[in-house]
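> The numbering of the sequence shown is our numbering, which starts it at 10 and goes up by one. Glycine residues also receive a C-beta, built at the ideal position from the N, C-alpha and C atoms. Predicted model only: the values in this text are computed from it and were never measured. One structure, as structure tokens, below. Some questions next.
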Amino acid sequence: MVNNVVAPPTPVNEPILGYLPGSEERKKLKAELAKQECEVLEIPCIINGEEIFTGDIVEQVMPHNHGHVIARVHMAGEEEVNAAINSALEAHKMWSCMPWEARCAIFLKASELLAGPRRAEINASTMLNQSKTCHQAEIDSACELIDFWRFNSDYCRQIYEDLQPPVSPSSMWNSSEVRPLEGFVFSVTPFNFSSIAANLPSSAAIMGNTGVWKPSRNSYVSNYRLMKLMMDAGLPAGVINFIPGKASMVGDICISHPELAGIHFTGSTRVFRNMWKDIANNLENLRSYPRIVGETGGKDFIVAHPDCDRQALLVAMLRGGFEYQGQKCSAASRVYVPESVWEAIKDDYCAEVAKITMGDPRDFANFISAVIDKKSFDNITGYIDRAKEDPGCEIVTGGGYDDSVGYFIEPTTIVCEDSRYESMEEEIFGPVLSVHVYPDTDFERILEVCDKTSEYALTGSIFATDRRHIETALKALRYSSGNFYINDKPTGAVVGQQPFGGARGSGTNDKAGSPLNLLRWVSPRSIKETFAPPHDWTYGFHSE
Ligand code: NAD
10 MVNNVVAPPT PVNEPILGYL PGSEERKKLK AELAKQECEV LEIPCIINGE EIFTGDIVEQ
70 VMPHNHGHVI ARVHMAGEEE VNAAINSALE AHKMWSCMPW EARCAIFLKA SELLAGPRRA
130 EINASTMLNQ SKTCHQAEID SACELIDFWR FNSDYCRQIY EDLQPPVSPS SMWNSSEVRP
190 LEGFVFSVTP FNFSSIAANL PSSAAIMGNT GVWKPSRNSY VSNYRLMKLM MDAGLPAGVI
250 NFIPGKASMV GDICISHPEL AGIHFTGSTR VFRNMWKDIA NNLENLRSYP RIVGETGGKD
310 FIVAHPDCDR QALLVAMLRG GFEYQGQKCS AASRVYVPES VWEAIKDDYC AEVAKITMGD
370 PRDFANFISA VIDKKSFDNI TGYIDRAKED PGCEIVTGGG YDDSVGYFIE PTTIVCEDSR
430 YESMEEEIFG PVLSVHVYPD TDFERILEVC DKTSEYALTG SIFATDRRHI ETALKALRYS
490 SGNFYINDKP TGAVVGQQPF GGARGSGTND KAGSPLNLLR WVSPRSIKET FAPPHDWTYG
550 FHSE
């Protein structure tokens, strides 16, 4: 009745390969890029393990070269979405009874495939599909996903172990059956991390759930290849059903289905709030109260104290703000710098940002590439144009953009007089860093400003030397972020080291890459077995 607990291999973080000139990994990746760039992949829906080519085609292009088609995607219609749900519900009967060790073994095998023979394939597809440099692809689609699968397998074991009740008096046996949720889990994933895309459906699956995975319209190629990789690792048909399709149509059908057991979402705050409202409006039709897990937007900050390490601050602003074109939920996007510090670093900072190379990620000399699509390009350049017109703003780096070949935007820094200017407050999700310069004596006031500005609470950092200032910031900013960094950039959380997630408008803070997330996908049954049941219904107190 109670599952055996045998530990899977102790997880360790996957080392990040360097792709230095002449290295083996660089040769392999270049060869794979050359191969994939010549292909136009036909991407089907995958339902109950079968590839369904619907003929309703959407083309996928490279953001850095939007005239270049890399895939033709067969979009799901209502029929396919319903078939995917039915397939998940049918597979639930088999998968929910499979021993957890067997489920974990599949994802441990997937992690080995990704770490070895499939690494170049998945990294190349992430580079071409989402315009990541080799380094950004390596830390995302290889290392982070390998870590998710390895660590989640170990967390799964811990949950089976920890959920057992501590006491069974001699006449009885208490146990806890760690059941998956009843129904299907709907996973809705963002474009910006291939690792997150594969982790959302697979973390629920590790705990015995089956579901429907709706990938982002901007990452079909890498996500499809990851789906195939999981199948090659032994994932049985129907456990995860891959459904590229129009978001609102897929969402409406899944959310109004009576067997919806959970939503595993990562994406923007607006979309998540609307999904939550739709779920609430459907509650009467649902068999269970669904688990709602959502990691959403951010307006991530750096606060510098006058006594900070200035060079470390400069590097954190540059890397934190502009790597992957600022398209990380954790990217630094507002910085509060004391006057004396800004005075000292401004020229160096601008000179260093001017050295950032931008272009096609297939040219490894480029440090950043294009933003994801036209909609995003227009949104980001709108902020830049308004700042150019605003007398309270000064653009000190970048400001230029060009979408004739790819969606390229220069790394842009806006110095804002008003600490609540729109670019200090709203998520832009692009290579735009806003800086507010404050009087050196106003550190405590600026911490309060930081806490009150923006609806988000995802990540943030403090740069200071004297420990008292660090402690002051830790206290003042206690609820301003779910991940807090001391003398480090606010990006780059590592699975198994800094569980990731934010609160307020940034999500339900269920900490991806930790047991807390996996706990949301189980619904334990407490079982008491009595060996000596009473045979007399009376108690002593009512006898004469
Ligand atoms: P998005 O919100 O535009 O899309 C996310 C997913 O939701 C996509 O699959 C999209 O198709 C789907 N979607 C959109 N409308 C829907 C609907 N009506 N019903 C069902 N699904 C729907 O986000 P994006 O542009 O892909 O990613 C960027 C956003 O994600 C940013 O806001 C970023 O901060 C956030 N993000 C957060 C984290 C985190 O861990 N907090 C991580 C990565 C990205």
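For residue 259 and residue 339, I'd like the C-alpha separation in whole angstroms.
Answer to the nearest angstrom: the Cα atoms are 28 Å apart.
> Taking Cβ positions, are residue 233 and residue 115 nearer each other than 7 Å?
No, they are not a contact pair.
> Would you tell me roughly how many angstroms separate the C-alpha atoms of residue 438 and residue 344, rounded to the nearest one?
Approximately 15 Å, taken between the alpha carbons.
> Beta carbon of residue 393, beta carbon of residue 421: below 7 Å?
For residue 393 and residue 421, yes; Cβs fall inside 7 Å.
> Could you check the C-alpha separation between residue 324 and residue 29 for me, to the nearest Å?
If I take the Cα positions, the gap works out to 21 Å.
> How would you write the range of the alpha helix (DSSP H) that residue 69 sits in, first residue to last?
Segment 66-71 is the beta strand (DSSP E) holding residue 69; no alpha helix (DSSP H) there.
> Work out the CA separation of residue 513 and residue 465 for me, nearest whole Å.
Residue 465 and residue 513: Cα-Cα distance of roughly 6 Å.
> Tell me whether residue 417 counts as near the ligand NAD, meaning its Cβ is closer than 6 Å to at least one heavy atom of that ligand.
Outside the cutoff, so no.
> When you compare only the Cα positions, how much space is there between residue 290 and residue 330?
Straight-line Cα distance between these residues: approximately 38 Å.
> Is it the case that the CB of residue 48 approaches a heavy atom of the ligand NAD more closely than 6 Å?
Flag unset: Cβ of residue 48 not near the ligand NAD.
> What residue from 77, 86, 282 and 359 has the CA that sits closest to residue 326's CA?
Residue 359 is the option with its Cα nearest to residue 326.
> Between residue 228 and the rest of its own chain, which residues show a CB-CB distance below 7 Å, the 5 nearest in sequence each way excluded?
Result list for residue 228: 138, 139, 200, 203 and 206, in chain order.
> Taking the alpha carbon of residue 186 as the reference point, which residue from 535, 433, 441 and 97 has its own alpha carbon closest?
If we check each option's Cα against that of residue 186, 535 comes out closest.
> Would you report the Cα separation of residue 409 and residue 328, rounded to the nearest angstrom?
Those two C-alpha atoms are separated by around 19 Å.
> For a quick check, are the C-beta atoms of residue 309 and residue 469 less than 7 Å apart?
Yes; because the gap between Cβ atoms is below 7 Å, this pair is in contact.
> By alpha-carbon positions, which one of 496, 453 and 544 ends up nearest to residue 481?
The shortest Cα separation from residue 481 among 496, 453 and 544 belongs to 453.
> Tell me, please, which residues DSSP counts as bridged to residue 183.
Note: residue 183 sits in a beta bridge opposite 537.
> Counting only the same chain and skipping the five closest in sequence on each side, list residues whose C-beta sits under 7 Å from that of residue 307.
The answer, listed in chain order, is 338, 339, 436, 465, 467, 468, 511 and 515.
> Taking Cβ positions, are residue 172 and residue 532 nearer each other than 7 Å?
No. Outside cutoff.
> Among the candidates 122, 273 and 148, whose CA atom is the shortest distance from the CA of residue 243?
Here the closest residue by C-alpha is 122.
> In angstroms with no decimal places, state the Cα-to-Cα distance between residue 301 and residue 273.
Residue 301 and residue 273: Cα-Cα distance of roughly 7 Å.
> Should residue 304 be listed as close to the ligand NAD, given that the test is whether its C-beta is under 6 Å from any heavy atom?
Under cutoff, so the answer is yes.
> For residue 341, list the residues DSSP reports as bridge partners.
Paired residue(s): 309.
> Which residues bound the alpha helix (DSSP H) around residue 160?
Unbroken alpha helix (DSSP H) run through residue 160: 154-171.
> Could you give the distance in angstroms between the alpha-carbon of residue 312 and the alpha-carbon of residue 471?
Roughly 5 Å between the two C-alpha positions.
> Ignoring anything shorter than 3 residues or poking outside the region 199-258, list the beta strand (DSSP E) runs there in chain order.
Complete beta strand (DSSP E) runs here, min 3: 219-223 and 249-251.
> Out of curiosity, what's the CA-to-CA distance linking residue 257 and residue 391?
Distance between the alpha carbons of residue 257 and residue 391: 26 Å.
> When you measure from the CB of residue 324 to every non-hydrogen atom of the ligand NAD, does any distance come out below 6 Å?
Answer for residue 324: no, Cβ out of range of the ligand NAD.
> Kindly list the residues whose CB is nearer than 7 Å to the CB of residue 146, restricted to its own chain and excluding five residues on each side of it in sequence; keep chain order.
Excluding positions up to five away in sequence, the list reads 132, 135 and 136.
> Can you look up residue 443 in the DSSP assignment and give me helix, strand or coil?
The answer is strand: DSSP assigns residue 443 an E or B state.
> Regarding residue 438 and the ligand NAD, is the C-beta to nearest heavy atom distance less than 6 Å?
Checking every heavy atom of the ligand NAD against the Cβ of residue 438, one is found closer than 6 Å.
> Can you list, in chain order, the residues of its chain whose CB lies under 8 Å from that of residue 488, leaving out five sequence neighbours each side?
Hits under 8 Å: 460, 466, 512 and 513.
> Report yes if the C-beta of residue 93 is less than 6 Å from at least one heavy atom of the ligand NAD; otherwise report no.
The answer is no for residue 93.
> State whether the region 373-380 contacts the region 65-85, with contact taken as three or more CB pairs (one from each stretch) at a distance under 8 Å.
Enough Cβ pairs lie closer than 8 Å, so yes.
> Could you tell me which uninterrupted alpha helix (DSSP H) segments, each at least 4 residues in length, are contained entirely in the region 378-462, listed from first to last along the chain?
Runs of the alpha helix (DSSP H) inside the region 378-462: 383-398, 431-434 and 452-461.
> Under a three-way DSSP split, which group does residue 470 fall into?
Residue 470: strand per DSSP, three-state reduction.
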